[in-house]
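Just below is one structure, and these are the notes that go with it.
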Amino acid sequence: MYFGKRRNNQQSDRVPPNQNVTTTFPVLHSGTIPYYEDISKWNLQIYGLVENPKLYTLEDIKSLFPKVELTNDIHCVTGWSKLDTSWQGVRTADLIKDVKIKEQAKYVIIHAEEGWTTNVAIEDFLKETSLLAYAYNGEPLTPEHGYPLRAVLPHLYFWKSAKWVRGLQFTEKNHPGFWERNGYHMKGDPWLEQRFSFD
Ligand SMILES: Nc1nc2c(c(=O)[nH]1)N[C@H]1C(S)=C(S)[C@@H](COP(=O)(O)O)O[C@H]1N2
Ligand SMILES: [Mo]
300 MYFGKRRNNQ QSDRVPPNQN VTTTFPVLHS GTIPYYEDIS KWNLQIYGLV ENPKLYTLED
360 IKSLFPKVEL TNDIHCVTGW SKLDTSWQGV RTADLIKDVK IKEQAKYVII HAEEGWTTNV
420 AIEDFLKETS LLAYAYNGEP LTPEHGYPLR AVLPHLYFWK SAKWVRGLQF TEKNHPGFWE
480 RNGYHMKGDP WLEQRFSFD
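Take the sequence shown: its position 173, counting from 1, is numbered 472 in our numbering, and each next residue is one higher.
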């Protein structure tokens with residue numbers, strides 16, 4: 300047997316290489332946590348290469364689309380993984396069902412507050428485990444974890460799971476987001492350890 304490549308003792312079919320399981324819930328982001336005085340003024344914009352651009356309020360998102368609960372494992376590129384995190388929200392595939400994505404579109408740029416973005420391929424955005432969450436463990440998201448709405452794309456490193464989402468822009472070209480411009484990977488598959496763009 301060969302153990303030489305094993306750098307931690309928590310490797311398993313649940314934990315990607317060189318990740319360690321935590322039971323805490325670390326808070327990680329750049330910039331400041333937004334607070335909303337009047338959440339009825341908040342909206343989510345879906346635009347770019349779509350036939351029917353949309354603008355939704357939080358109430359729209361909660362009432363127009365089926366509420367799902369998805370439990371999944373999340374993996375931050377800094378090395379922590381958290382197992383069995385339980386999110387409530389809407390499936391990305393349900394949310395964009397009526398926008399009619401144009402054929403040229405290949406990527407989704409997820410826009411958050413303060414101009415923060417991250418980029419994913421449409422098939423990653425629409426994966427069956429992907430959602431836009433408004434609650435965690437049955438409670439509304441806390442401000443530091445992304446209230447009122449965040450992406451949860453658990454099959455990619457967690458930096459792709461934008462907090463404080465305000466826009467979904469469909470594009471033909473891939474536009475590197477905040478961490479991607481700083482050297483992080485355009486796709487970010489934790490099982491392939493796609494941490495940096497030169498990997
Ligand atoms: N808007 C925004 N979303 C973000 C980030 C950020 O800097 N800004 N950081 C990402 C990173 S690196 C991680 S690991 C997760 C952390 O989510 P958490 O604070 O809920 O654990 O948020 C991601 N989403
Ligand atoms: Mo992260």
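Beta carbons: idealized from backbone N, C-alpha and C, even for Gly.
Distance, Y334 Cα to K486 Cα: 30 Å
Quick one: what's got a C-beta closer than 8 Å to E358's C-beta in the same chain, skipping five residues either side? S339
Taking the C-alpha atoms as reference points, what is the distance between E492 and Q318? 10 Å
Measuring CA to CA, which of P453, V419 and L440 is closest to P475? V419
Less than 9 Å between the C-beta atoms of F428 and L369, yes or no? Per the sequence shown, the amino acid found at residue 428 is Thr instead of Phe. Cβ distance < 9 Å, so T428 and L369 count as in contact.
Cβ-heavy atom distance, V327 to ligand 2, below 8 Å: Looking at the sequence itself, residue 327 is Leu, so the reference to Val does not match. Yes, the beta carbon of L327 sits closer than 8 Å to at least one heavy atom of ligand 2.
Contact belief for L430 with V389 at Cβ below 8 Å, rounded distance in angstroms: 6 Å
Taking buried to mean at least 16 other C-beta atoms within 10 Å of its own C-beta, is D312 buried or exposed? exposed
Any heavy atom of ligand 2 closer than 8 Å to the beta-carbon of T377? yes
Nearest by alpha-carbon distance to L394: which of G482, K353 and S380 is it? K353
Residue nearest to N481 in terms of C-alpha spacing, selected from W490, R494, D372 and K472: R494
Pull up the distance between the alpha-carbon of F477 and that of E413, whole angstroms please. 11 Å
State the CB to CB distance for the pair V376 and W458, rounded to an integer number of angstroms; the pair is presumed to be in contact (CB under 8 Å). 6 Å
Taking the beta strand (DSSP E) that F469 falls in, what are its first and last residues? V464 to T470
May I ask which residues mark the beginning and end of the beta strand (DSSP E) holding E368? V367 to H374
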